[in-house]
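Here's the structure we're looking at; comments come further down.
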Amino acid sequence: MKLRTKDILGLEYLSSEEISFILDTARSMKKISTHSTKKVPALRGKTIINLFYESSTRTRTSFELAGKRLGVDVINFNFSTSSTSKGETLKDTVVNLQAMDPDILVLRHSAPGTAKLIAETVAASVINAGDGAHEHPTQALLDLLTIKESRGTIKGQHVAIIGDIAHSRVARSDIWGLTKMGAKVRVAGPPTMIPPCIEKMGVKVFYSVDKAIQDVDVIMCLRIQLERQNKYLLPSLREYARFFGINRISLSRAKENVMIMHPGPINRGVEIASEVADSKSSFILGQVANGVAVRMALFYLLAGEGEENVTH
Amino acid sequence: MKLRTKDILGLEYLSSEEISFILDTARSMKKISTHSTKKVPALRGKTIINLFYESSTRTRTSFELAGKRLGVDVINFNFSTSSTSKGETLKDTVVNLQAMDPDILVLRHSAPGTAKLIAETVAASVINAGDGAHEHPTQALLDLLTIKESRGTIKGQHVAIIGDIAHSRVARSDIWGLTKMGAKVRVAGPPTMIPPCIEKMGVKVFYSVDKAIQDVDVIMCLRIQLERQNKYLLPSLREYARFFGINRISLSRAKENVMIMHPGPINRGVEIASEVADSKSSFILGQVANGVAVRMALFYLLAGEGEENVTH
Amino acid sequence: MKLRTKDILGLEYLSSEEISFILDTARSMKKISTHSTKKVPALRGKTIINLFYESSTRTRTSFELAGKRLGVDVINFNFSTSSTSKGETLKDTVVNLQAMDPDILVLRHSAPGTAKLIAETVAASVINAGDGAHEHPTQALLDLLTIKESRGTIKGQHVAIIGDIAHSRVARSDIWGLTKMGAKVRVAGPPTMIPPCIEKMGVKVFYSVDKAIQDVDVIMCLRIQLERQNKYLLPSLREYARFFGINRISLSRAKENVMIMHPGPINRGVEIASEVADSKSSFILGQVANGVAVRMALFYLLAGEGEENVTH
Chain A
1 MKLRTKDILG LEYLSSEEIS FILDTARSMK KISTHSTKKV PALRGKTIIN
51 LFYESSTRTR TSFELAGKRL GVDVINFNFS TSSTSKGETL KDTVVNLQAM
101 DPDILVLRHS APGTAKLIAE TVAASVINAG DGAHEHPTQA LLDLLTIKES
151 RGTIKGQHVA IIGDIAHSRV ARSDIWGLTK MGAKVRVAGP PTMIPPCIEK
201 MGVKVFYSVD KAIQDVDVIM CLRIQLERQN KYLLPSLREY ARFFGINRIS
251 LSRAKENVMI MHPGPINRGV EIASEVADSK SSFILGQVAN GVAVRMALFY
301 LLAGEGEENV TH
Chain B
313 MKLRTKDILG LEYLSSEEIS FILDTARSMK KISTHSTKKV PALRGKTIIN
363 LFYESSTRTR TSFELAGKRL GVDVINFNFS TSSTSKGETL KDTVVNLQAM
413 DPDILVLRHS APGTAKLIAE TVAASVINAG DGAHEHPTQA LLDLLTIKES
463 RGTIKGQHVA IIGDIAHSRV ARSDIWGLTK MGAKVRVAGP PTMIPPCIEK
513 MGVKVFYSVD KAIQDVDVIM CLRIQLERQN KYLLPSLREY ARFFGINRIS
563 LSRAKENVMI MHPGPINRGV EIASEVADSK SSFILGQVAN GVAVRMALFY
613 LLAGEGEENV TH
Chain C
625 MKLRTKDILG LEYLSSEEIS FILDTARSMK KISTHSTKKV PALRGKTIIN
675 LFYESSTRTR TSFELAGKRL GVDVINFNFS TSSTSKGETL KDTVVNLQAM
725 DPDILVLRHS APGTAKLIAE TVAASVINAG DGAHEHPTQA LLDLLTIKES
775 RGTIKGQHVA IIGDIAHSRV ARSDIWGLTK MGAKVRVAGP PTMIPPCIEK
825 MGVKVFYSVD KAIQDVDVIM CLRIQLERQN KYLLPSLREY ARFFGINRIS
875 LSRAKENVMI MHPGPINRGV EIASEVADSK SSFILGQVAN GVAVRMALFY
925 LLAGEGEENV TH
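Residue numbers (this note's numbering), protein chains in the order written: chain A, 1 to 312; chain B, 313 to 624; chain C, 625 to 936.
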């Protein structure tokens, strides 16, 4: 099987077969990370450029590690010192990078649609590492992998996504992925954080967390963006924590084997209480580990020749 | 053949034979970039330190990619977090790096002559990646390679360099290189941007772009440094664009097969109109690709043992 | 022989046998750096994360080079763009990195004890690259290696450490290491910079440099931290230089073959005069070279399988 497009722009554009194929490849990749020599030079001689216009050490590091484990040369292109500060357009920056002949561009940008625009411009494969509030497909893929590994299947799982649904690219990508794979998705959050017409994406809306998490298999907390917190959306963090934070009491009302997930970095005591983040119900660190595997899988599927046996 | 010196400080210090030798080596290197595995570990185990005291993601990335394609370990030394902020002299920083035994130092610095000073201080080869308004030899070498590839020869080509000749290290290196290789060079720009006695470098001075570009084979635009634009040199960007910018009208007055070149990043609508930058006369992206090849060639010639067959 | 712990947190926690073992391994590693191909892929497939919460290009570069010479993949985690600015705790950042399965974390942090805290939290080996004013073990190990190489033995050497003993992690680590290896240590500095009860660490206190350096084999200058200089500790830099700086006159009063050492970066004319820093008594650049060797040794001992012959 092959992916139909050269790019990974969002879960909206992948079929359920493609998603399953990526998840299966990621599970093979995880085996590499358990070797003493955590490296298979399947992509030796390939070049990946990490082009991050929003700072994110965590995601960038995950992509970088994924590349290095496959023998790829990874170049980090630091937005803050880049030529954009010299008046160059994003498109010019990217076609210039393309002239250096990379195989994959990993792009994070604050403007929705940037990854698609760039993908249409360059010959290299583009992986969207987050474009504004639009999509963050590798996050959703690692979330799906985490659920599949733990539950055996995604189909039929009930998942509650809690938080700022309106401004979250993670929520959008997760909703696309989960519904395509047959999960039942609910969203909950303050009314200011629930986008109008979100039901059209195939989800049920709750305004009470207690009701939203009843009988679900997975609770996905979203991060409250402290650094760009909007006063008009939230009266206070304390109020958010009280009404929408997941704590021991919420956990006691949920299914006993509920999975707690969070894309990180977590704000302890805001969207998730420490007692929950550090409990055995938490799959947060497993998500991080799966992030490397999913990114390795995408690199392999997009840049690999298909002739090499990745698990030898 | 071998280069006569351990360093590449400027085109002023290279003979035409050395320049030809570097360009020929760069053409071999370009073949590597067309392989599916864009890597030949000819310099495996060698170390290159990128020491940039002026920010430049583009040039730094080009050097980094060039190194990685030859199997070199590349270390980026970030000026802004370096010990210079702790009161250490540049020379002390460099002799300390030398003590870690790198093979090549790639140095960019705002002070003319810095590369030479450092080259005399350390055992490693030094490649000048730009020293103030003095020289930027790898840029000129990639320009020469671009002309040679397209025209078969540099000798006898008529080249017009347009812009701030007085403050441009690119212009100085290009003039040295072009005249050594037998091209006929003209320069044009506002009177405040033409240095006195520039004719001594073997160029003809024009104050009108229209006249300067008549019958030339190559038009090289220089970048107007928006970020350090000096009010005393330019009444306004609009006026510069009108009198010295290269646009469709200029193109219609030039030879039909004229090459348009620019060291990048470009300021669309200032020194070059979008309709020209994106036209089939534009060789700007070819220059970027040649930049990687030229830097690979220099690394190979300076750090290679000469025993390995780079094209196998 | 093997090290007893998975981490290198300080010289306080290493036995003299372990220190000797590390120094012997470092001497083998130095031979690699003299090869034309300065690389032995003994640790191929291993991953090291440089996690620096205080800026230090020099030390970070030394660790990075050491890793690359052993074939390790080195990831630089830049504190200033990291998720800590998003409200994540240090511990959460580190357990997230651990989830990506690195072999070694190199950690620098301004808070004493951070390395120990993190070492207890993660499965990876932790190397303390400086924790506040507590310890900087790799600096002390490279100092010990420099003395041993020059003098044949550390035992019985008389060493004077001059400067801000109270706030120097270098001084603390050196004192632990030197006394464990049988050297006789003196410290000297302004009274405000001598910690109370320092004699309990087995050193003699002097308030006059002239007396402190009499008949010693080694003078170790400490760096005056210009960037965080405290007015209450020092009347002025000029006064410090006059009374505690090492200059030609101090040198004339010391043993003829005295070794002058400094952890760098040096403040010329403050704690050390240029005439001394650049004299044949100065071992400062040798210290830098030994820094790479010591860090290679630690990587090899902590992450190596022990089956490979590092010197082949």
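Idealized CB from N, CA, C, for every residue including glycine.
- In this structure residue 277(A) is in contact with residue 268(A), their Cβ atoms being roughly 6 Å apart against a cut-off of 8 Å.
- Near chain B, meaning a CB-to-CB distance below 7 Å, no residue of the stretch 270-290 of chain A qualifies.
- Closest by C-alpha distance to residue 419(B), out of 475(B), 456(B), 372(B), 344(B), is 372(B).
- For residue 204(A) and residue 739(C), the gap between their C-alpha atoms comes out near 46 Å.
- Taking C-beta atoms under 8 Å as the contact rule, residue 447(B) and residue 440(B) qualify, at a distance of about 6 Å.
- By the criterion of at least three beta-carbon pairs nearer than 8 Å, the stretch 295-303 of chain A is in contact with the stretch 55-75 of chain A.
- Taken in chain order, the complete alpha helix (DSSP H) segments of 4 residues or longer contained in the stretch 487-550 of chain B are 521-524.
- Listed along chain B, the residues sitting closer than 7 Å to residue 75(A) by beta-carbon distance are 373, 376, 377.
- Residue 146(A) and residue 481(B) have their C-alpha atoms some 54 Å from each other.
- Under the criterion of beta carbons closer than 8 Å, residue 281(A) and residue 251(A) qualify as touching, at roughly 7 Å.
- Chain-order list of chain A residues neighbouring residue 342(B): empty, with the shortest C-beta distance near 10 Å, by a criterion of under 9 Å.
- Its Cα nearest to that of residue 674(C), the residue 721(C) stands out among 660(C), 721(C), 659(C), 779(C).
- Using a Cβ-Cβ cut-off of 8 Å, residue 129(A) does not count as an interface residue toward chain B, since no Cβ of chain B sits closer than that to its own.
- Residues of the stretch 878-895 of chain C whose Cβ lies closer than 8 Å to any Cβ of chain B, in chain order: 888, 889, 890, 891, 892.
- In the three-state reduction of the DSSP assignment, residue 124(A) falls in the coil class, being assigned neither a helical nor a strand state.
- The alpha-carbon of residue 536(B) is positioned some 36 Å away from that of residue 699(C).
- Secondary structure of residue 111(A) (DSSP, three-state): coil.
- Look at the beta carbons and you see the stretch 460-476 of chain B touching the stretch 496-509 of chain B: at least three pairs across the two are nearer than 8 Å.
- Close partners of residue 305(A) in chain B (Cβ separation under 8 Å): 348.
- Counting along the chain, residue 59(A) sits inside the alpha helix (DSSP H) bounded by residues 57-69.
- For residue 471(B), no alpha helix (DSSP H) segment is defined; the enclosing uninterrupted segment is the beta strand (DSSP E) at 470-474.
- Around the Cβ of residue 839(C), a 10 Å sphere holds fewer than 16 other Cβ atoms; the residue is exposed.
- Annotation: residue 808(C) to residue 764(C) spans about 15 Å, alpha carbon to alpha carbon.
- If you look at residue 717(C), you'll find it isn't in any beta strand (DSSP E); it sits in the alpha helix (DSSP H) that goes 714-723.
- Residue 284(A) is bridged by DSSP to nothing; it lacks a bridge partner.
- Residue 671(C) sits in a strand when the DSSP states are folded into three classes.
- Within a 10 Å sphere around the beta-carbon of residue 143(A) sit 16 or more other beta-carbons, which makes this residue buried.
- Non-local C-beta neighbours of residue 104(A) in its own chain, meaning closer than 7 Å and more than five positions away in sequence, comprise 48, 124, 125, 127, 299, 302, 303, ordered along the chain.
- Bridge pairing for residue 894(C): absent [DSSP].
- The three-state reading of DSSP puts residue 753(C) in strand, counting E and B together.
- In the assembly as shown, residue 820(C) is an exposed residue. Its beta-carbon has fewer than 16 other beta-carbons within 10 Å.
- Pairing residue 803(C) with residue 884(C), the inter-Cα distance amounts to about 19 Å.
- Approximately 59 Å separates the beta-carbon atoms of residue 657(C) and residue 522(B); this is outside 8 Å, ruling out the contact.
- Looking at the DSSP output, residue 727(C) bridges to nothing.
- Below the 7 Å Cβ cutoff, chain C contributes 725 as neighbours of residue 33(A), in chain order.
- For the pair residue 510(B) and residue 600(B), the Cα-to-Cα distance works out to about 28 Å.
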